[in-house]
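What follows is a set of notes on a single structure, which appears directly below.
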Amino acid sequence: MADLQIENLAKAFKGGFTALNGVSLDVADREAVFLLGPSGAGKTTTLRLVAGLEDATAGRIMIGGRDVTRWTPRERNLAMVYDKHSLFPHLTIYENLAYPLRIRKMSDADIRRQIASVAETLQIEKLLERRPNQLSGGQQQRVAIGRALVRDADVFLLDEPISHLDAQLRARMRVEFKRLQRDFRATMLYVSHDQLEAMTMADRIVLINKGRIEQIAAPQELFDRPATLFAATFIGEPPMNVMQAVISESNGCRFLRIGEAYIEVDKDWMQDGEALRPGDKYLLGLRPQHLSLCPADSTHACRVNGTIFAVETLGSRVVFDIDVEGTVIRAMSTIDAALKYPRTIGAPISFRIDPDFVYLFDADRGRTVR
Ligand code: ATP
């Protein structure tokens with residue numbers, strides 16, 4: 155195994171479209187790093203550049219401390235798994251797994267040993283004599299992963315390898331991948347557009363948007379301390395509520411007003427210690443998980459009153475869409491707590507804001523200021 159470093163990578167396609175612009179990241183030896191972002195963000199392009207399937211317009215790729223930017227794909231010794239498992243239909247599973255080893259002129263005895271070990275880990279020992287069309291989608295995907303694993307690759311590149319599987323199988327594969335990652339201790343760069351996949355499987359996530367990196371962080375840190383408005387709204391389900399907010403002042407105290415609620419703010423609020431001035435405009439972020447429903451007659455200063463716009467039950471959770479002066483705010487509750495509240499459209503309902511869980515973003519650039 156080896157580490158991977160990407161420095162200032164850029165890619166402009168023919169016709170001038172810049173798909174990547176100054177992307178720098180590193181994957182430590184045996185680390186699983188996920189490239190996460192919306193469609194068209196540049197995730198696959200990054201992976202293809204690392205694999206050597208595209209030439210970089212600028213920047214450098216280092217594997218195990220060696221500059222491989224101009225190397226051919228084969229010289230880079232990487233293993234790649236795609237969403238569509240490209241197994242050879244006419245070969246048995248055993249021969250599919252043996253194929254990359256035969257290319258490397260490994261002896262038959264070594265091939266047998268190597269395949270036996272990988273087949274055991276992936277629990278495909280009983281499938282080795284079958285052909286791909288005699289396997290389920292999940293089994294085929296395991297073989298495709300196995301074919302990458304049998305090789306002693308320096309780095310594994312995975313491009314949405316489980317995205318086409320059904321939800322149940324995807325959930326199983328997520329757990330399986332975690333186990334594989336632990337057993338094989340592989341260096342992995344994994345492309346996904348599914349935040350659940352990245353949040354549950356990654357050591358670190360590289361959040362990418364429009365060819366640039368928004369943030370690199372461990373999954374929980376990305377959720378707790380998003381660096382930008384984009385990161386804050388991309389991670390989290392249901393997404394963070396965002397609304398305009400103006401700082402106001404009364405009796406020497408500064409407040410943020412949300413509906414009829416006032417939240418006192420002080421200089422400790424800002425990351426850089428800068429004061430919030432009356433009249434300053436920000437974007438305010440509230441995660442649905444951090445809002446708690448409360449009776450309409452409670453006297454809490456951070457209570458916001460609204461009316462029910464819609465109610466959605468998602469298994470053990472209930473999401474209330476609450477209309478606050480024309481803006482819909484989503485609040486999430488457990489199913490038990492939700493029983494105490496009305497569900498009729500238009501009925502009055504209130505929720506409480508915990509000042510410790512209020513995010514503020516610079517209204518112009520979308521940088522997190524708190
Ligand atoms: P998805 O999740 O949809 O696969 P992605 O983040 O992997 O998206 P890329 O496939 O890396 O996105 O594409 C990034 C951008 O580069 C897109 O706007 C895409 O249209 C463009 N692009 C990709 N390949 C080419 C190409 N060969 N020529 C021109 N533009 C391209």
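Numbering (this note's numbering), first residue to last: 155 to 524. C-beta: ideal position from N, C-alpha, C; glycine also. All figures in this text were calculated on a predicted structure; none of them were measured in a lab.
Distance CB(residue i)-CB(residue j) smaller than 8 angstroms
i    : j    : result
T341 : V181 : yes
L189 : K197 : yes
M155 : D183 : yes
E161 : G219 : no
V235 : A302 : yes
A195 : K364 : yes
P286 : P254 : no
L241 : Q288 : no
A166 : T199 : no
L437 : L383 : yes
V458 : A415 : yes
R506 : H454 : yes
T484 : N395 : It should be pointed out that residue 484 corresponds to Arg in this sequence rather than to Thr. Cβ atoms of R484 and N395: closer than 8 angstroms.
A252 : I278 : no
F409 : L447 : no
Supposed contact pair residue j and residue i - C-beta distance, whole angstroms, cut 8 angstroms
i    : j    : result
A210 : T226 : Actually they are not in contact, since the Cβ atoms of A210 and T226 sit about 14 angstroms apart, beyond 8 angstroms.
V472 : I489 : 6 angstroms
Q349 : I389 : 6 angstroms
L361 : G191 : 6 angstroms
P432 : S402 : 6 angstroms
beta-carbon residue i near the ligand ATP non-hydrogen atom, thresh 7 angstroms
i    : result
K197 : yes
S404 : no
F171 : yes
F134 : With the chain running from 155 to 524 in the structure shown, residue 134 is simply not present.
G439 : no
V400 : no
H347 : yes
S193 : yes
Selected residue, minimal CA-CA separation from residue i, among the options
i    : options                   : result
D308 : E229, I499 and G176       : E229
S504 : R305, P392, D378 and V482 : V482
P392 : G170, A164, L468 and I278 : L468
L131 : A464, D337 and R202       : Residue 131 lies beyond the range of the chain shown here (155 to 524); nothing can be said about it.
L179 : L232, E351, I359 and R333 : I359
H347 : L158, A164, R256 and S193 : S193
T246 : M260, R284 and I257       : R284
Inter-residue spacing [alpha-carbon to alpha-carbon] between residue i and residue j
i    : j    : result
L282 : R296 : 12 angstroms
G291 : S317 : 11 angstroms
L440 : G300 : 43 angstroms
M353 : S404 : 42 angstroms
V419 : C407 : 8 angstroms
D516 : T461 : 29 angstroms
Y513 : H444 : 11 angstroms
L493 : F377 : 28 angstroms
V272 : R305 : 10 angstroms
E479 : E330 : 47 angstroms
A372 : R379 : 10 angstroms
G520 : D510 : 20 angstroms
I367 : V345 : 14 angstroms
E375 : M355 : 14 angstroms
I449 : R339 : Note that residue 449 is Pro in the sequence shown, not Ile. Spanning the two alpha carbons is a distance of roughly 51 angstroms.
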